[in-house]
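Notes follow the structure.
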Amino acid sequence: MEPKKIVSRRDFLRISALGSAGALAVACAPPTEPTVVEVTRVVEVAAPSQQRTTVRIGGWWGDLGRLFAPILMDKTNTNIVYEYANWPQWHEKMLLQLAAGTAPDYLCIGHPWMGALFPKGQLLPLNPYLEVYGFDRDLYYWDPIEDVSGFGEDILCLEQFPGVGNAFYINREMTDELGITDMLPTVDKPEYDTWTWDDMLEFLEAGTKRRADGTVEQWGCAQALSRNWLEWIYSNGAQRYDSMWGKGDETVCTLDSPEAIEAMDKAVQAVKDELCYLEILSGPIEGGAYQGRKAVSHYGPIGVGWLRTEEMGWEQLYIKGPVLSERYTMAGQNFMGINKAAQEPEAALDVLFAWMMDEDVARRYIRIEGLTPAYNSRKWHDELEEGSELSIVTAIGLSRWPRFTRFPDKAATVVYPGQAGFKVGSYLNNAMHAAMESAVLGKQTTEEAVKQAVAEINAELESAS
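First residue of the sequence shown? That's 523 in my numbering, and the numbers climb one at a time after it.
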């Protein structure tokens, strides 16, 4: 950003939706007796300067201060103080800080906390600033943005990267030894992203080794697919609530539908058949089943930052998750928003839109994380060396998004929200986790466990309404 543009934007901000100077001063004033919330680590990226406005950023993204803040400071003439804590600790402290009036200007927000935060009116609506900063909604991975990044008509956050969902990381050395590599529809093949559930089960069975006594010594997958039930139900024509995007209008949990139970039972059965490793069934494995070469594959979020090849010590192949009846992908993962009571809202907005739109930030981000920025995603992917691991991983991450995919015939037909509703999201997640564990352990059938959980969720929903 050129300095003169920053000045004009800030002039606009001062006279527009931020309100009058008097109103802003009241909004930013600390409470009479503030609650002080300790943050695990504070990283002051550069020494404060009289010529720079200091912006406090709070979050769990460990690389932000070291790798991205220097670029953002140069672009926005700010000094960034990064207040870091781990994933659950940060979010708990963020909610306390917001209530106390001590929260940072700029907030990193994970989707499980949307329901606890968005309805409270503590985030600055971004709607008026998209045009001010030249933000082209057609270059953002998903529109309407309000569906996934807002509450009501207000856009409260923007996302760091497109919703990427999960994929299989596969140890090619092991599949070559087993002679099953050709079973995999990798991105270089015309049949890419054509796995059905039965195709995946065939691969997992081929990757599983059993001893003479029938016990498993090597699993097809290091993760229990029953923990990914959310993907499977949307692929099978089901959803969590009677309201798809859950803007506080959800009234009934629909996870007891035949389509949902069928999908969840398939995932439970894959674990009970011991095609997937689960510690509570098979005991601990030092370092993890995939890292310890006790499983052919790992199922988890796609991106080179999760399971780095150089750390694994073997070539990895990558495959999207199977499709039951419809292709699916999740919208809404890691968000960025501005505290409505920020001490420096104008500078924080400069930092936010630089993070979203600046080319230098985008090029560094995709090469470090193996995830494309949410804005202008295809441009950054297409700059990568064709055929490289980074190019393959980011192509898979974008593969079901119609705007940016290299595989338009494989784009998703169902885009589902990452957040679990605005009333009982945490309760729903905990109840379903317990239900799936009960089914895997054989304490109940999948149908019994799910219907019991749904009854409890609906009772909680009714009391929250």
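All C-beta atoms in this analysis are idealised placements derived from N, C-alpha and C, irrespective of residue type, glycine included. The model shown is predicted, which means the values in this text are computed figures rather than measured ones.
> Does the pairing of the segment 868-885 with the segment 733-743 give three or more beta-carbon distances under 8 Å?
Replying inline: no
> Looking at the unbroken beta strand (DSSP E) that takes in Ile692, where does it start and where does it end?
Replying inline: Asn688 to Asn693
> In chain order, what residues of the same chain lie with their CB nearer than 7 Å to the CB of Gly943, ignoring the 5 residues before and after it?
Replying inline: Gly637, Arg762, Tyr763, Gly768, Glu772 and Leu950
> Among residues of its own chain, excluding the 5 on either side of Lys862, which ones have a beta-carbon nearer than 8 Å to its beta-carbon?
Replying inline: Ala549, Gly643, Gln644, Leu645 and Leu646
> Relative to the C-alpha of Ile667, which residue among Ile677, Leu661 and Asp658 is closest?
Replying inline: Ile677
> Would Ser987 be called buried (16 or more neighbouring beta carbons within 10 Å of its own) or exposed?
Replying inline: Around the beta carbon of Ser987, fewer than 16 other beta carbons lie within 10 angstroms, which makes this residue exposed.
> Taking the C-alpha atoms as reference points, what is the distance between Val936 and Thr851?
Replying inline: 7 Å
>> How far does the beta strand (DSSP E) with Gln838 in it extend, from its first residue to its last?
In response: Gln838 to Lys842
> Just curious, the beta strand (DSSP E) that Met766 is in, first and last residue?
Replying inline: Premise fails: Met766 is in no beta strand (DSSP E) and is neither H nor E.
> Per DSSP, what kind of secondary structure is Thr576 in: helix, strand or coil?
Replying inline: strand
>> Quick check: what's the CA-CA separation for Ala961 versus Thr967?
In response: Going by the C-alpha atoms only, they are around 5 Å apart.
>> For the segment 883-898 against the segment 682-694, do three or more pairs of beta-carbon atoms, one drawn from each stretch, fall closer than 8 Å, so that the two count as touching?
In response: yes
> Which partner residues of Phe673 appear in the DSSP bridge assignment?
Replying inline: Its beta-bridge partners are Asp676.
>> Quick check on DSSP: helix, strand or coil for Gln644?
In response: coil
>> If the criterion is Cβ atoms closer than 9 Å, does the pair Cys630 and Leu594 meet it?
In response: no
>> Restricting to runs no shorter than 4 residues, where is the alpha helix (DSSP H) found entirely within the segment 775-861?
In response: Entirely contained in the segment 775-861, the alpha helix (DSSP H) runs reaching 4 residues are, in chain order, 780-794, 801-804 and 831-834.
>> Quick check: the Cα distance between Arg922 and Ala934, rounded to an integer number of angstroms?
In response: So the alpha carbons of these two residues sit roughly 5 Å apart.
>> Mapping the DSSP letters down to three states, classify Lys901 as helix, strand or coil.
In response: helix
> Between the C-alpha atoms of Leu726 and Cys743, what's the straight-line distance to the nearest angstrom?
Replying inline: 7 Å
> Using DSSP with H/G/I as helix, E/B as strand and the rest coil, what is Lys731?
Replying inline: strand
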